[in-house]
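**Q** Structure incoming, see below.
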Amino acid sequence: MEKKWNKSTIAGWQFVLWPSLIIMLFSFYPMIQSLLLSFQSGKGTVYSFVGLKNYVRLFSDPMFRQAVSNTLLYLVIQVPIMLFLGLIIAYFLNMPGLRFKGFYRTAIFLPCVTSLVSYAVLFKSIFSVDGILNRMLMSIHLVSEPVGWLTDPLWARIVIILAITWRWTGYNMIFYLSAMQNIDPSVYEAASIDGASKTRQFFSITTPMLKPIILFTAIISTNGTLQLFDEVVNITNGGPGNSTMTISNYIYNLSFVYTPNFGYAATVSYAIVIMVAVLAFLQLKVGGEKD
Amino acid sequence: MKKWLSVLLLVSMTVTVLAACGSSNSAEKNESGTTKKKVIAWAWDPSFNGAALKIAEDLYKKENPDFELEVVEMAKTDLEQKLNTNLAADVKDGLPDIILVNDPNIQKYVNAYPNTFADFGDKIDYTQFSPYKVDALKVDGKMYGVPFDIGSTGMFYRSDYLEEAGFTDADLQNITWDRYIEIGKIVKEKTGKYMATINPNDEALTSILLQSGGSWYITPDNKGNFVNNPVMTETLRVYKAISDSGIAKPVTGWSEFVGSFNAGDVATVVSGVWQVSSIMDAKDQSGKWKVAPTPRLGIDGGVNASNEGGSSWFVLDGSANKDLAIDFLSKTVGSSSEFYERFLTENGGVGSFIPAFSSEAYGQTSEFFGGQAIYSDFTKWSTEVPGISLGMYTQEAKDALKNELPNILNGADLTQSLANIQKLFEQQVQ
Amino acid sequence: MSKLNKSVIHFFLIIASVISLFPFVWMLIGMTNTSSDIVKGKFSFGSSFSDNVSHLFGSTNLGQAFWNSALIAVVGTLLTLLLSSIAGYGFEIYRTKGKDRLFGILMLSMMMPFAAIMIPLFRMFSKFGILNTPVAVILPTITTAFMIFFFMQNTKSFPRELLQAGRVDGLGELRLFTKVYMPTMKPTYAAAAIITFMSNWNNFLWPLIALQSQDKKTLPLIVSSLASSYNPDYGMIMVSIVITTLPTVLIFFLLQKQFVQGMLGSVK
Numbered sequence: 033m034e035k036k037w038n039k040s041t042i043a044g045w046q047f048v049l050w051p052s053l054i055i056m057l058f059s060f061y062p063m064i065q066s067l068l069l070s071f072q073s074g075k076g077t078v079y080s081f082v083g084l085k086n087y088v089r090l091f092s093d094p095m096f097r098q099a100v101s102n103t104l105l106y107l108v109i110q111v112p113i114m115l116f117l118g119l120i121i122a123y124f125l126n127m128p129g130l131r132f133k134g135f136y137r138t139a140i141f142l143p144c145v146t147s148l149v150s151y152a153v154l155f156k157s158i159f160s161v162d163g164i165l166n167r168m169l170m171s172i173h174l175v176s177e178p179v180g181w182l183t184d185p186l187w188a189r190i191v192i193i194l195a196i197t198w199r200w201t202g203y204n205m206i207f208y209l210s211a212m213q214n215i216d217p218s219v220y221e222a223a224s225i226d227g228a229s230k231t232r233q234f235f236s237i238t239t240p241m242l243k244p245i246i247l248f249t250a251i252i253s254t255n256g257t258l259q260l261f262d263e264v265v266n267i268t269n270g271g272p273g274n275s276t277m278t279i280s281n282y283i284y285n286l287s288f289v290y291t292p293n294f295g296y297a298a299t300v301s302y303a304i305v306i307m308v309a310v311l312a313f314l315q316l317k318v319g320g321e322k323d
Numbered sequence: 454m455k456k457w458l459s460v461l462l463l464v465s466m467t468v469t470v471l472a473a474c475g476s477s478n479s480a481e482k483n484e485s486g487t488t489k490k491k492v493i494a495w496a497w498d499p500s501f502n503g504a505a506l507k508i509a510e511d512l513y514k515k516e517n518p519d520f521e522l523e524v525v526e527m528a529k530t531d532l533e534q535k536l537n538t539n540l541a542a543d544v545k546d547g548l549p550d551i552i553l554v555n556d557p558n559i560q561k562y563v564n565a566y567p568n569t570f571a572d573f574g575d576k577i578d579y580t581q582f583s584p585y586k587v588d589a590l591k592v593d594g595k596m597y598g599v600p601f602d603i604g605s606t607g608m609f610y611r612s613d614y615l616e617e618a619g620f621t622d623a624d625l626q627n628i629t630w631d632r633y634i635e636i637g638k639i640v641k642e643k644t645g646k647y648m649a650t651i652n653p654n655d656e657a658l659t660s661i662l663l664q665s666g667g668s669w670y671i672t673p674d675n676k677g678n679f680v681n682n683p684v685m686t687e688t689l690r691v692y693k694a695i696s697d698s699g700i701a702k703p704v705t706g707w708s709e710f711v712g713s714f715n716a717g718d719v720a721t722v723v724s725g726v727w728q729v730s731s732i733m734d735a736k737d738q739s740g741k742w743k744v745a746p747t748p749r750l751g752i753d754g755g756v757n758a759s760n761e762g763g764s765s766w767f768v769l770d771g772s773a774n775k776d777l778a779i780d781f782l783s784k785t786v787g788s789s790s791e792f793y794e795r796f797l798t799e800n801g802g803v804g805s806f807i808p809a810f811s812s813e814a815y816g817q818t819s820e821f822f823g824g825q826a827i828y829s830d831f832t833k834w835s836t837e838v839p840g841i842s843l844g845m846y847t848q849e850a851k852d853a854l855k856n857e858l859p860n861i862l863n864g865a866d867l868t869q870s871l872a873n874i875q876k877l878f879e880q881q882v883q
Numbered sequence: 003m004s005k006l007n008k009s010v011i012h013f014f015l016i017i018a019s020v021i022s023l024f025p026f027v028w029m030l031i032g033m034t035n036t037s038s039d040i041v042k043g044k045f046s047f048g049s050s051f052s053d054n055v056s057h058l059f060g061s062t063n064l065g066q067a068f069w070n071s072a073l074i075a076v077v078g079t080l081l082t083l084l085l086s087s088i089a090g091y092g093f094e095i096y097r098t099k100g101k102d103r104l105f106g107i108l109m110l111s112m113m114m115p116f117a118a119i120m121i122p123l124f125r126m127f128s129k130f131g132i133l134n135t136p137v138a139v140i141l142p143t144i145t146t147a148f149m150i151f152f153f154m155q156n157t158k159s160f161p162r163e164l165l166q167a168g169r170v171d172g173l174g175e176l177r178l179f180t181k182v183y184m185p186t187m188k189p190t191y192a193a194a195a196i197i198t199f200m201s202n203w204n205n206f207l208w209p210l211i212a213l214q215s216q217d218k219k220t221l222p223l224i225v226s227s228l229a230s231s232y233n234p235d236y237g238m239i240m241v242s243i244v245i246t247t248l249p250t251v252l253i254f255f256l257l258q259k260q261f262v263q264g265m266l267g268s269v270k
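Chains as they are written, first to last, in our numbering: chain H, 33 to 323; chain Y, 454 to 883; chain L, 3 to 270.
And the structure:
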């Protein structure tokens, strides 16, 4: 096989070279240092080499296990719902002849930029024991007692899932909408002439053509949810008990709340990296890179 | 052509920006090259802690007119993040001269980052400060900072609600928690108001209970203090009793907590003296509040006094202006009664400096609190607060407790729960 | 599309919009009320707007922070768009096994929680001597595997025939990128710009660590500082939050017409 170093090949490498180097410098160099740190343990700047002891500790660490189970729960339930919602909304907002599209688009995007601090306070207020939601539910007699949205482990997790979905659906909608611009409208026209319903068109035209972007959002959302931090810290602070705590939450605690053990925190971080990498690899394989 | 122009524009813009940043950076370096008597402090809450430093700066400038103070304000958790990152990276760059430290974090910082904080030694007369505050600053025989504000607790109560339920001020003095719960039930029955709020995610109440009994989540030698600890057992029994009694309104956050008393939903607030400013925000409630001593645990050693919060000022050992910072703090926060009087009058802050307790400012009566001289009450109670060692692992211990708290509130066997907490704690601190 | 279908779709979208807008509306209402009214749950407009505003500007240097945030966000976004798109283009159009492997490695970089690389990064920047400058804040964000990945995936639907046509016309490789690719991918650039701007504007953790002095602070830092107090003034906080939210909304408004089907014309 001859490798032809023609103008095209060289240009290709030139395009990717500088950005890759920048990422290497600002991400990989610190990541390697973090990896080295993951083999140390101690407090603050007083630490020593412990080999694989931190990694072993992960397996018998109840807080870590709780954090992983919570995080995976969010992943499995929340991501598919959010992506599906985002896709449908984008599909609707892409339909010609639908009025007020601009308004809907802006409204649904707004949660992404609404400040975390403010919507956390608001969510806490809505879901509080004598908050609006409970009052409404009781007045229509759906429940006879106020629901402990934030004081019961199960409901608290549901509130977190609702919060994340509320916040990030619009974000994914943007990706889908922009990708839909690449689909020639005449394809839809032809399908309509052939008698395909809108629903049929959604599943047979839109979804397949959007596959690369759907794969993108799936990987990005998986990554984001596995690293979930903001909502959990600001709305439930890991509680009640530690029932909503996530892995990133735990890393933060290990570094800045407890007596700092940066070595073990690095180890837990790498646990995330491994989990995301495995899932991303699987998604890429399933998502198919056939062309 | 247009594209090239925009790329060119972009590049030149970036270069200009970078150059500008670079030059402003070197300009700053030139400035600090000349010996300016300037000190930088990190603190949270500009209207309280920041304001206090400004008062101190004012006072210090009388003898040292070319002194300058810069306060960099940020949220408390942000400060802790920034400090830890800076210290962990072993970087001197960017560290201030003075920082505010929350008392439970003191031992953690001193032990995790050795040789980082200045020893105040004999620069301050520590006998002039509340003993329990001073205890917190002592690590391995060295004194690490200047005690600052105090969190002496009291039971703030709505005198109108309690009266309506048939209780006089005398009935509320020096009660036990069991009595508090009884009173609470009657208040709820007769006025429909909750007696207190409860937040199962927040350990403020258990902390207050423990300290009032002379105990803490961890022992002085940093071991878990959950088993074989009668104070801990009694604390959790009381906590559960409050939760079960129906007299406490469940809240899940700070704003909901403040909202409860601002809206008049609760009859009492057991908290530190600094809660005064939030309580006084509800201007229409003036004259309806009073303060009584904190309820006590009904066991040996339980007293009607405790503490919530409070911080101290530390100086960084490696800072260029270390001696200046130490002098500044010693002469103001460390020894000036005038400082404390102004801090109280201007910002409602209560310090732990004993000589100031007998000043006029500290003796003032408050119209909002029905004419009661609340500050002299709080400072009196502060002398009764048991001194404890906060240890290094307070946060880990609190989290271990938090983990088990839902089970305890649901009626799990207390002894078993305590054993679980102890085990969880030990795992966290390996 | 039948009228019934249309109404159903509208109904669904209206519910989605109300749920999405609700907190934002609450923020706007909160801006006009006093702190204690807000915590009590008041849901009507008050009269404290000007008080809150003057209080806010009197106690913080919001203007300076706004400028700091704007500088970082704009420069950062422009650089990211350029570098990420060119890399995404390179990885996708000039695809080789070697590049695939390189990209696979680069993807690892987005999987690491930032908190874990913060300390080594801080040490590095301290050595470079650029702490407490906008440069320090911008640099780690100018190329991310995330953005490269975004451009890559979108490039999959880019018609290669255009490039062939361009080559026939005698355009060099770089020219192909700037004259053929960039104009065609406007919706992708628009989406990327919105997302990147938003991320840079709201960036909190790294600016917190890298910036030291009061005058270099960005808006999110100021807001966080306000919200952490023994006695937070929620009215003032609401004003600061609304001010912080507006620029991203503005950018969205400006760029969103790129998402309208047919406006761009098709790729022909």
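Built from N, CA and C at the ideal position, the CB exists for glycine as well.
Owing to the predicted nature of the structure, the values given are computational and were not obtained by experimental measurement.
When you compare each of Y:G844, Y:I639, Y:G547 and Y:T606 to W495 (chain Y) by their alpha carbons, which one comes out closest?
**A** Of the candidates Y:G844, Y:I639, Y:G547 and Y:T606, the one whose C-alpha sits nearest the C-alpha of W495 (chain Y) is Y:G547.
**Q** Report back the beta-carbon spacing between M608 (chain Y) and P748 (chain Y) to the nearest angstrom; my notes put them in contact at under 8 Å.
**A** Contact flag correct, Cβ pair sits at about 6 Å.
**Q** Please work out which residues of its chain come closer than 6 Å, Cβ to Cβ, to F520 (chain Y), disregarding the five sequence neighbours upstream and downstream, and give them in chain order.
**A** Counting only Cβ-Cβ distances below 6 Å, and skipping sequence neighbours, we find K490, Y513 and K514.
**Q** Assign F127 (chain L) to buried or exposed, taking buried as 16 or more other Cβ atoms, counted over all protein chains shown, within 10 Å of its Cβ.
**A** Classification for F127 (chain L): buried.
**Q** Where DSSP assigns a beta bridge to Q65 (chain H), which residues make up the other side?
**A** Paired residues: none, contrary to the question.
**Q** Based on Cα-Cα distance, which residue from L:I253, L:S226, L:I107 and L:Q216 lies nearest to N205 (chain L)?
**A** Ranking L:I253, L:S226, L:I107 and L:Q216 by Cα distance to N205 (chain L) puts L:S226 first.
**Q** Please list, in chain order, the chain L residues whose beta carbon lies closer than 7 Å to that of E526 (chain Y).
**A** Neighbours of E526 (chain Y) on chain L, chain order: S227.
**Q** On the CB-based measure, 16 or more other CB atoms within 10 Å of its CB, does E687 (chain Y) come out buried or exposed?
**A** Looking at its Cβ environment, which holds 16 or more other Cβ atoms inside 10 Å, E687 (chain Y) is buried.
**Q** List, in order along the chain, the chain L residues whose C-beta lies closer than 9 Å to that of T530 (chain Y)?
**A** Going along chain L in sequence order, the residues near T530 (chain Y) (Cβ under 9 Å) are S226 and S230.
**Q** Decide if the stretch 764 to 777 of chain Y is in contact with the stretch 595 to 612 of chain Y; the criterion is three or more beta carbon pairs, one per stretch, under 8 Å apart.
**A** Touching, yes.
**Q** Hey, would you say F710 (chain Y) sits closer than 9 Å to T659 (chain Y), going by beta carbons?
**A** No, the pair does not count as a contact, with Cβ atoms beyond the cut-off.
**Q** Is there at least one Cβ from chain H nearer than 9 Å to P185 (chain L)'s Cβ?
**A** Answer no: the Cβ-Cβ gap between P185 (chain L) and chain H never drops below 9 Å.
**Q** So is the beta-carbon of V744 (chain Y) under 8 Å away from any non-hydrogen atom of the ligand NAP?
**A** Among the ligands in the structure shown, none appear at all, so the ligand NAP cannot be discussed.
**Q** What ranges does the beta strand (DSSP E) occupy inside the stretch 117 to 187 of chain H, keeping only unbroken runs of at least 3 residues that lie completely in it?
**A** With a minimum length of 3 residues, no continuous beta strand (DSSP E) run stays inside the stretch 117 to 187 of chain H.
**Q** Taking the beta strand (DSSP E) that K743 (chain Y) falls in, what are its first and last residues?
**A** Element bounds for K743 (chain Y): W742 to A745.
**Q** Residues bridged to F609 (chain Y) by DSSP?
**A** According to DSSP, F609 (chain Y) bridges with Y:V722 and Y:V744.
**Q** Answer yes if the stretch 54 to 70 of chain H comes into contact with the stretch 162 to 174 of chain L, meaning at least three C-beta pairs across the two stretches below 8 Å, and no otherwise.
**A** Too few Cβ pairs lie closer than 8 Å, so no.
**Q** Using a Cβ cut-off of 8 Å, pull out every chain Y residue sitting near S120 (chain L), in sequence order please.
**A** Before going further, note that residue 120 (chain L) is Met rather than Ser in the sequence given. The answer, in chain order, is T538.
**Q** For a quick check, are the C-beta atoms of G64 (chain L) and S242 (chain L) less than 9 Å apart?
**A** The question names Gly, yet the displayed sequence has Leu at residue 64 (chain L). Taking 9 Å as the Cβ cut-off, L64 (chain L) and S242 (chain L) qualify as a contacting pair.
**Q** Report yes or no: do three or more beta-carbon pairs, one from the stretch 90 to 104 of chain H and one from the stretch 69 to 82 of chain H, lie closer than 8 Å?
**A** Short answer: they don't touch.
**Q** What separation, rounded to the nearest whole angstrom, lies between the Cα atoms of T143 (chain L) and P122 (chain L)?
**A** About 16 Å.
**Q** By the DSSP assignment, the beta strand (DSSP E) with S764 (chain Y) in it spans what residues?
**A** S764 (chain Y) -> beta strand (DSSP E) spans S764 to V768.
**Q** Less than 9 Å between CB atoms is the rule here; does R97 (chain L) satisfy it with respect to chain Y?
**A** So, not an interface residue.
**Q** Going by Cα to Cα distance, which pick from L:L73, L:F255 and L:M33 is closest to T135 (chain L)?
**A** Selected option, being the one with the closest Cα: L:L73.
**Q** Going by beta carbon distance, what residues of the same chain come within less than 7 Å of K693 (chain Y), once the five residues before and after it are set aside?
**A** Counting only Cβ-Cβ distances below 7 Å, and skipping sequence neighbours, we find I861 and L862.
**Q** So is S210 (chain H) buried or exposed if we call it buried at 16+ other beta carbons inside 10 Å?
**A** Label assigned to S210 (chain H): buried.
**Q** By the 10 Å Cβ neighbour count, where 16 or more other Cβ atoms means buried, how is F806 (chain Y) classified, buried or exposed?
**A** When all chains shown are included, F806 (chain Y) counts as buried.
**Q** Counting C-beta neighbours from all protein chains within 10 Å, is the total for G100 (chain L) 16 or more, i.e. buried, or is it exposed?
**A** It counts as exposed.
**Q** So S113 (chain L) and N255 (chain H) are in contact, right, with Cβ under 8 Å, and what is the actual spacing, rounded?
**A** According to the sequence shown, residue 113 (chain L) is Met rather than Ser. Indeed, because the Cβ distance is near 6 Å, the residues count as touching under 8 Å.
**Q** I'd like to know whether the C-beta atoms of T41 (chain H) and M29 (chain L) end up nearer to each other than 9 Å.
**A** No.
**Q** Does the CB of E799 (chain Y) have a neighbour CB from chain L at under 9 Å?
**A** Not an interface residue.
**Q** Against S19 (chain L), what residues of chain H qualify as contacts under a CB-to-CB distance less than 8 Å, listed in chain order?
**A** In chain order: F135, Y136, A139 and I140.
**Q** Return helix, strand or coil for L49 (chain H), following the three-state DSSP convention.
**A** Three-state result, L49 (chain H): helix.
**Q** Check whether the stretch 659 to 674 of chain Y and the stretch 825 to 843 of chain Y are in contact - that is, three or more C-beta pairs closer than 8 Å.
**A** Touching, yes.
**Q** Please go through the stretch 811 to 879 of chain Y and give each complete alpha helix (DSSP H) segment of 4 or more residues, from N-terminal end onward.
**A** Those alpha helix (DSSP H) runs which fall completely within the stretch 811 to 879 of chain Y and span 4+ residues are 813 to 816, 827 to 835 and 847 to 862.
**Q** Can you tell me where the beta strand (DSSP E) with A701 (chain Y) in it begins and where it stops?
**A** Here the beta strand (DSSP E) through A701 (chain Y) covers A701 to P703.
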